[in-house]
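Notes for the one structure printed next.
There are 2 protein chains.
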Amino acid sequence: MPALRPVVFIGGILVLVLAATMAIPALVELWLEADHAPEYLPCVAVPAFLGCAAILASRGGPMKLGLREAYLLTTGLWVVLPLTAALPFMWTVPNLSLTDAYFEAVSGLTATGATVITGLDHLPPGVLLWRSMLQWVGGIGIVVMAIAVLPLLKVGGMQLMSRESSDTSDKILARPRELATWLLSIYLSLTLACAIAYGLAGMGGFDALNHAMTTVSTAGFSTRDASLGSFSAAAQWVSVVFMLAGAVPFLLYIQVVRGTWGFVPWSQIPPMLGVVVVGGLLLAWSAVLAGHDVMDAVRHGIFSVTSIITTTGYASYDWQSWGPFAAAMALVLMFCGGCTGSTTGGVKIFRWQILIRRFRITTQELIRPHRVVAQVYQGRPVGPEVVQGVMVLVLLVGGVTALTTVLLAATGLDLVTAFSAAASTVTNVGPALGSIAGPAGNFGPLPDTAKWILSFAMLLGRLELLTVLVMLDPDFWRR
Amino acid sequence: MPALRPVVFIGGILVLVLAATMAIPALVELWLEADHAPEYLPCVAVPAFLGCAAILASRGGPMKLGLREAYLLTTGLWVVLPLTAALPFMWTVPNLSLTDAYFEAVSGLTATGATVITGLDHLPPGVLLWRSMLQWVGGIGIVVMAIAVLPLLKVGGMQLMSRESSDTSDKILARPRELATWLLSIYLSLTLACAIAYGLAGMGGFDALNHAMTTVSTAGFSTRDASLGSFSAAAQWVSVVFMLAGAVPFLLYIQVVRGTWGFVPWSQIPPMLGVVVVGGLLLAWSAVLAGHDVMDAVRHGIFSVTSIITTTGYASYDWQSWGPFAAAMALVLMFCGGCTGSTTGGVKIFRWQILIRRFRITTQELIRPHRVVAQVYQGRPVGPEVVQGVMVLVLLVGGVTALTTVLLAATGLDLVTAFSAAASTVTNVGPALGSIAGPAGNFGPLPDTAKWILSFAMLLGRLELLTVLVMLDPDFWRR
Ligand SMILES: [K+]
Ligand SMILES: [K+]
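Protein chains in written order, with this note's numbering: chain R, 117 to 595; chain C, 117 to 595.
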């Protein structure tokens, strides 16, 4: 049985912190409208009380985190924090059930960006800001998790990204506080740059700030029902640039600013850009066939592919109207994902690189059985345990998507909606396909059961599945 | 460069043999109707001429088959033999293009059972028999390939089924001619028993014979547009029994008749029956919700699941009318497959067993990193190369299905038709979903490009993908 005390203690602290950040939307309400400010009082008070209780109940005693405690803490935080984050949705937005509020909060913190709310354009600014803040906080949480936690847990081949290497240049990464400061500075700088660029492209100040937060976190909530389709072509190109900036390994920025430091999986970037260009032009081609002007088609094509493979989920146009080829491409690209060590979800490009290389090695070994080919990734040896970890992860993504599809179909959703919603949440992209939850729709009309299934799928996907699934093993709970 | 001479020689012989078997439908035409008998003359003559030419051109010289020649021969046969088999479709059925004829022939020999022909009920008996014969011949070819060829090629973890084990009891398997005799006797006996059972269940002689041939080969062509839906409930239960009989490892029959002989992967059978019962009852439940009588629902449920997981593809009812849950279940079950060493397609149960066991071992290793768990299948050690082979195969099935879906969507097919047709051909099940090629429809209305893509998908699936894909590696063609 893993030790619960340190898990409850750290959880309590983070619930307190999250409750404190609710002061920001409350102040914005006071400043801009003042209509909803008082409603934030219970939203802060309830989790503050519960957080304090958790801290008091679990303080003292040994605080050492073992491997199983790390799994429990990681998963536990991503289940409990959305409960806290859901309160402003429940108590300041009219007609939002607990189910809807939890779905929206999970979608926020996991940076998925699927929404159940319609009429975003008329929502109070406090709630809009809270949605964006959740995604922004979630985004940096995802980067930290990918750089600091998952390589230790060795989930899905992430040990390849381990910082415990023999690199002598790896000094900064051994100092967690300095690493955290660097990551936060870079994240803040990117967000600020993005907001300014959006402003220059004609977005209003509030919209620019909100979209900057959900662009750099590749998360995808918008302040408009029509998402980036409400803004200028220039704003959409700004979005493309900063979605890609959020999809790049964050250690690369530290490396560029401070010189060489250890292992940065930069070789994911060229294939990512390649997919954006080739995929974007293919989509543009289908848009031209559907009657679009060539320049518009290229912009919407590049924008849509960037939005999907960085798992942001913004829409500049409902690409479903371009026909089945565009829809099929979008579905397949959902599984691509951006670079590991970034804010993106999905399978991620380094895993596809390892799989494709492995496939080539397999055919070579089949042709010449006595040949032995060593697999390498950016100079690091890729051992069989990494290859297997990658394969298990991709197979689990497929398996969980299939199971989720069947469960959603059992709630009455049609096949296209069920499969695409499953794929889009497991990969943390956001929008699905079909007439209900497509890029121009939202998840509001879905049955409650479907929303709970999808909330769980978002959590599973965000935690690279195995971080959650290990806990299904009875051994996890034994001594 | 692999040696072409032995490949052409063996190919020539088999083309000759296949041409000779066309005498059977010709004689049936003579005997029953005599209308179309003369049309078979060129169907026999053309391949006979070409086959003889191939044999004459390639005789003499060394005939040793290396590993690469084995790949080339296996794939080459499955590409060339359908060309021969397509001739009666082109030259005796009116309005069937080359594309349609080749699709039908590939679908026959690979035992897929997807059809482009409507109005089966009014087709001349010779062609109906030829369709069934192709599937029957294909079926035994598949068994021989799975027992004798694939374990040597080590494709998709099939080395686990190798007969080069240290089993001292493995004597018969070292004598290929005796093994072939046994397999053929068993196959004939099963077919005969099935035909008699169909007859007792009220089917006419010709229908009983044809369906027996396509049931035991889990192949799925029918003499009726409505498939098994045209026949009695008793006939449908007979079908369930013999589809399962064709989905069992054929070595098991030899073992039962002659005593213990080496490695029979029998442990696939209990999970297969489990899926039939559980899946069948779930489908029955959705049928009851759709308004069916309980007993009818159970029969159609069990029949449909058996038809799908044995990859037969018969329909007793259009299960799409039971709603999205039934459709999603059917789609997922397509990937299940029957037992290896049988006539079935799909991923096959032993691979799922290895993957599920491996998944459990992975979580155990994540929880306790210093534990080492050895994987075993029926007492045989499952080495990392087998695990990786299995994973590569399943990933390729997913990847090829996705790519095929995108290509089909580019020909204008809607998403549901494109994905389900891709899945159903790669797994050699047969019918797809949707309004065109669903269990009650057929592939006739699809564009020609789509039919060629699907023909290739059937071949890829039947040869467990890698047997074909190794040839894409430039190394295959080097010295
Ligand atoms: K997203
Ligand atoms: K079939």
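We put the beta carbon where it would ideally sit given N, CA and C, even for glycine.
Quick check on this structure: which residue in the options has the alpha carbon closest to the alpha carbon of residue i?
{"i": "C/Pro-178", "options": "C/Leu-250, C/Phe-358, C/Leu-120", "result": "C/Leu-120"}
{"i": "R/Ser-333", "options": "R/Met-359, R/Thr-479, R/Ser-343, R/Met-574", "result": "R/Met-359"}
{"i": "R/Arg-474", "options": "R/Val-492, R/Gly-417, R/Thr-517, R/Leu-189", "result": "R/Val-492"}
{"i": "R/Pro-555", "options": "R/Ala-153, R/Val-131, R/Ala-173, R/Phe-337", "result": "R/Phe-337"}
{"i": "R/Leu-295", "options": "R/Leu-344, R/Leu-367, R/Ser-348", "result": "R/Leu-367"}
{"i": "C/Thr-422", "options": "C/Leu-397, C/Thr-307, C/Thr-215, C/Ala-444", "result": "C/Leu-397"}
{"i": "R/Thr-456", "options": "R/Lys-464, R/Leu-449, R/Met-450", "result": "R/Lys-464"}
{"i": "C/Pro-365", "options": "C/Val-410, C/Leu-529, C/Ala-526, C/Ile-263", "result": "C/Ile-263"}
{"i": "R/Ile-140", "options": "R/Gly-454, R/Ser-343, R/Met-274, R/Leu-250", "result": "R/Leu-250"}
{"i": "R/Leu-531", "options": "C/Asn-326, C/Trp-468, C/Ala-444, C/Asn-211", "result": "C/Ala-444"}
{"i": "C/Pro-163", "options": "C/Gly-182, C/Pro-204, C/Arg-291, C/Leu-519", "result": "C/Pro-204"}
{"i": "C/Met-450", "options": "C/Ser-437, C/Gly-439, C/Trp-438, C/Trp-468", "result": "C/Trp-468"}
{"i": "C/Ala-342", "options": "C/Asp-434, C/Leu-157, C/Gly-192", "result": "C/Asp-434"}
{"i": "R/Ala-202", "options": "R/Gly-192, R/Leu-325, R/Tyr-156", "result": "R/Tyr-156"}
{"i": "C/Leu-524", "options": "C/Ala-553, C/Gly-505, C/Glu-501, C/Val-545", "result": "C/Ala-553"}
Closer than 7 Å to a non-hydrogen atom of ligand 1 - does that hold for the CB of residue i?
{"i": "R/Ala-553", "result": "no"}
{"i": "C/Val-364", "result": "no"}
{"i": "R/Ala-548", "result": "no"}
{"i": "R/Asn-326", "result": "no"}
Report buried or exposed for residue i, applying the criterion of at least 16 other Cβ atoms within 10 angstroms of its Cβ.
{"i": "R/Met-277", "result": "buried"}
{"i": "C/Lys-567", "result": "buried"}
{"i": "C/Pro-240", "result": "buried"}
{"i": "C/His-238", "result": "exposed"}
{"i": "R/Pro-561", "result": "exposed"}
{"i": "C/Gly-272", "result": "buried"}
{"i": "C/Leu-316", "result": "exposed"}
{"i": "C/Asp-151", "result": "exposed"}
{"i": "C/Ser-301", "result": "exposed"}
{"i": "R/Phe-419", "result": "buried"}
{"i": "R/Gly-610", "result": "Shown here, chain R extends from 117 to 595; a query on residue 610 of chain R therefore has no answer."}
{"i": "R/Glu-149", "result": "exposed"}
{"i": "R/Phe-165", "result": "exposed"}
{"i": "R/Thr-252", "result": "Contrary to the premise, residue 252 of chain R reads as Trp rather than Thr in this sequence. Buried."}
{"i": "C/Ser-282", "result": "Since pLDDT at C/Ser-282 reaches only 47, below the 50 mark, its modelled position is unreliable, and no value is offered."}
{"i": "R/Ala-539", "result": "buried"}
{"i": "R/Pro-537", "result": "What sits at residue 537 of chain R in the sequence shown is Ala, not Pro. With 16 or more other Cβ atoms within 10 Å, it is buried."}
{"i": "C/Val-498", "result": "buried"}
{"i": "R/Ala-161", "result": "exposed"}
{"i": "R/Val-356", "result": "buried"}
{"i": "R/Ile-312", "result": "exposed"}
{"i": "R/Ala-490", "result": "exposed"}
{"i": "R/Val-144", "result": "buried"}
{"i": "R/Asp-598", "result": "Because chain R is modelled from 117 through 595, residue 598 of chain R falls outside the range shown and cannot be assessed."}
{"i": "R/His-416", "result": "buried"}
{"i": "C/Pro-381", "result": "buried"}
{"i": "C/Lys-180", "result": "exposed"}
Using the beta-carbon of each residue, find all residues closer than 7 Å to any heavy atom of ligand 2 and list them in chain order.
Here the list is C/Ala-227, C/Thr-228, C/Gly-229, C/Thr-334, C/Ala-335, C/Gly-336, C/Thr-427, C/Thr-428, C/Gly-429, C/Gly-461, C/Asn-544, C/Val-545, C/Gly-546.
Sequence ranges, alpha helix (DSSP H) only - wholly within the stretch 191-253 of chain R, length at least 4
You should have 203-208, 214-225.
For the stretch 143-186 of chain C, which segments carrying the alpha helix (DSSP H) assignment without a break, of at least 4 residues, lie completely within its bounds, in sequence order?
156-174, all fully within the stretch 143-186 of chain C.
Considering only residues of the stretch 288-331 of chain R, which uninterrupted alpha helix (DSSP H) runs meet the minimum length of 4 residues and lie entirely inside it, listed in chain order?
With a minimum length of 4 residues, the continuous alpha helix (DSSP H) runs that stay inside the stretch 288-331 of chain R are 292-316.
If you scan the stretch 482-554 of chain R from start to end, which runs of the alpha helix (DSSP H) of 4 or more residues do you find wholly inside it?
At a cut-off of 4 residues, the continuous stretches assigned as alpha helix (DSSP H) that sit fully inside the stretch 482-554 of chain R are 500-526, 531-542, 550-553.
Taking only runs that begin and end inside the stretch 438-483 of chain C, name each unbroken beta strand (DSSP E) of 3 or more residues, in chain order.
Taking only runs of at least 3 residues, no beta strand (DSSP E) segment lies wholly in the stretch 438-483 of chain C.
As an exercise, report each continuous alpha helix (DSSP H) stretch of at least 4 residues that is fully enclosed by the stretch 408-443 of chain R, in chain order.
For the stretch 408-443 of chain R, whole alpha helix (DSSP H) runs of length 4 or above, ordered along the chain, are 410-425.
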